[in-house]
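These notes are about the structure you will find just below.
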Amino acid sequence: MRPFDSQKLLMTLVILTLAFGGTVYLNLSEQELTTLVVPANDLPIYHLITASDLMTATLSTAVLPAAPLQQTSELAGRYTSQTLTAEEAVTDAQLVPAVDEKYVLNTTAVSISATAAMAYNGRLAAGAMVTVWTVTDAGQAQPLLEEVLVLDVQKAEGQGESEEKAFPYVVILAVPRPKQAELLTAVATGSLMLTFTP
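Below is the structure:
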């Protein structure tokens, strides 16, 4: 019987390791890379993106979603419609539809409980522009906020059963900061109505 040749075994292992490493290296080096703008940190839902929230990153096209947004101008000035992860590509579907910046400058996201009529039976959607009206006990309506961007409309959850029946929706609006307190006071003390802004 021949003695075991450990040098041949060692040489075979080295050759196999080099071949495997070379294959992995070639596969990685053949991947296409692209440079695009991504969130520098995790961003919460209904966050108004600014240029300071963004950074440039080079990512493999293999990990990119279809049609990622690539420029700062495509992201800055838009609200998130879901949580965004740091250093990951962003798509249009993760953001509230783009509108003129005058509708988002100096605004904050405010949610209000809404009747089925206020939410147009669920047809009111993100990106719509509405006028918010206060309605007095005498039935008089006065405009409180005009040309307000709708960020989202959701089914109400976690409320009492009677409140869910009366207010089956939650509407999230981009409210000008100076008007936020006025809107919240109106919500607490009276009735509201929403109408589409042409």
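Using our numbering, read the sequence shown as starting at 1439 and increasing by one per residue.
All residues carry an ideal CB built from backbone N, CA and C; glycine is no exception.
Taking C-alpha positions only, threonine 1472 is separated from isoleucine 1453 by approximately 34 Å.
The alpha-carbon separation between threonine 1518 and leucine 1533 amounts to approximately 4 Å.
Methionine 1449 counts as exposed, since fewer than 16 other beta carbons sit within 10 angstroms of its beta carbon.
Taking the CA atoms as reference points, threonine 1510 sits about 15 Å from valine 1537.
Straight across, the Cα-Cα distance linking leucine 1622 with leucine 1630 is about 11 Å. Contact between alanine 1478 and alanine 1514 does not hold, since their C-beta atoms are separated by about 12 Å, which reaches or exceeds 8 Å. Between valine 1586 and valine 1608, the C-beta spacing is not below 8 Å.
Leucine 1481 has its alpha-carbon roughly 27 Å from the corresponding atom of glutamate 1620. Alanine 1524 and valine 1476 have their C-alpha atoms spaced approximately 7 Å apart. DSSP places serine 1511 in the uninterrupted alpha helix (DSSP H) bounded by 1510–1513. By the criterion of a C-beta distance shorter than 6 Å, threonine 1496 is surrounded in its chain by Leu1471 and Thr1473, once the five residues flanking it on both sides are discounted. Under the three-state reduction of DSSP output, alanine 1547 falls in the strand class. Alanine 1576 and alanine 1554 have their C-alpha atoms some 22 Å from each other. In this structure, tyrosine 1541 lies near alanine 1612, with their beta-carbon atoms less than 8 Å apart. Rounded to whole angstroms, the separation of the alpha carbons of leucine 1522 and histidine 1485 is 10 Å.
Straight through space, the alpha carbons of glutamine 1520 and glutamine 1580 are spaced by roughly 33 Å.
Residue environment: leucine 1447 is assigned as exposed (fewer than 16 neighbouring CB atoms within 10 Å of its CB, all protein chains considered). Nearest to serine 1549 by C-alpha distance, out of Gln1445, Gly1565, Lys1603 and Gln1592, is Gln1592.
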